[in-house]
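Q: Got a structure here, written out as structure tokens. Questions coming.
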Amino acid sequence: MATHNNKRCRRCSCRSKACQRRRVERRQGKSLISHAQFLLIPCPGASTRKHQMDADEELQPDEIAIDSEDLQVMSESVSKMQQQISRGLRDIQEIRALVKKAVAQRELEQREIAMRRVKTESKATRR
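For our numbering, add 7 to where a residue sits in the sequence shown, where the first one is 1.
Here it is as structure tokens:
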């Protein structure tokens with residue numbers, strides 16, 4: 008049996024029941040890891056008073072526990088999105104340059120066609 012990779016599982020949204028159960032437990036804050044640093048984020052409607060969370064204390068229903076691995080995964084996804092945006096902006100700049108070049112070339116061709124017409128009309132009127 009293949010070994011399970013937690014990092015890969017988090018990224019690919021693994022559908023195995025054990026992984027889903029682990030994810031739900033992690034969201035609910037029931038599988039607290041002693042060596043991980045947790046960050047409490049109050050949700051809307053949470054009380055404004057600050058209190059410290061002990062390792063044994065359960066989370067309030069309006070608080071979410073995010074461990075360092077979650078933060079790392081989020082920062083990686085943000086950096087990937089930033090790379091995609093920068094690639095998209097570069098592509099847009101290249102397309103704009105190509106469009107400007109095509110417009111300039113078309114204007115040049117139209118001028119040449121207009122000059123040819125003037126020359127043929129002037130030759131026709133001379134005869």
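We put the CB at the ideal spot given by N, CA and C, even for glycine.
Assign A104 to buried or exposed, taking buried as 16 or more other Cβ atoms, counted over all protein chains shown, within 10 Å of its Cβ.
A: Label assigned to A104: exposed.
Q: Taking all protein chains shown into account, decide if A121 is buried (16 or more other Cβ within 10 angstroms of its Cβ) or exposed.
A: Burial call: exposed.
Q: Comparing alpha-carbon positions, which option in A25, R30, K126 and S23 lies nearest D77?
A: The shortest Cα separation from D77 among A25, R30, K126 and S23 belongs to R30.
Q: Could you tell me the boundaries of the alpha helix (DSSP H) in which R22 lies?
A: Where R22 is concerned, there is no enclosing alpha helix (DSSP H), given that its DSSP letter is neither H nor E.
Q: Take the Cβ of A111 as the centre, count every other Cβ of all protein chains shown within 10 Å, and call the residue buried at 16 or more, exposed below.
A: Exposed: under 16 other Cβ atoms inside 10 Å.
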